[in-house]
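Read left to right, the sequence shown gives residues 968 to 1050 (our numbering). For each residue, glycine too, the CB sits at the ideal point set by N, CA and C. Take a look at the structure below.
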Amino acid sequence: MNISADFEKLLEDSIKHQIEWYVDEFNELYGTNGRDYSRLDKSIANHILSTLTGDIDFKNNDTMLIYLAEAIETIRMTYPDFF
């Protein structure tokens, strides 16, 4: 049982790291300064968000779903033009 708990913790840490990576990449691509975004910028941003929500298997883990929702909300607040 101890091994199982460690596996769950490792999986959770891995998912958090993956979500943080997506948010960092988003910030790297678009910076934090407001500007006019092209159609291509918006298309790429939407693709990143779709990939973020589709690539991660949450296995009914509510904690990770909340973490994902918070990350997306952070992106939405920083880049409202993409929503």
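Same chain only: Cβ atoms within 8 Å of residue i, ignoring 5 sequence neighbours per side
{"i": "I1042", "result": "V990, F993, L1016, F1049"}
Extent of the continuous alpha helix (DSSP H) to which residue i belongs
{"i": "Y1034", "result": "1029-1045"}
Residues near residue i in its chain [Cβ-Cβ closer than 7 Å; skip 5 each side]
{"i": "W988", "result": "none"}
Integer-rounded CB distance, given that residue j should sit under 8 Å from residue i
{"i": "Y997", "j": "A1012", "result": "7 Å"}
Own chain partners of residue i with C-beta closer than 6 Å, once the 5 adjacent residues on each side are dropped
{"i": "Y1004", "result": "D1048"}
{"i": "M1044", "result": "none"}
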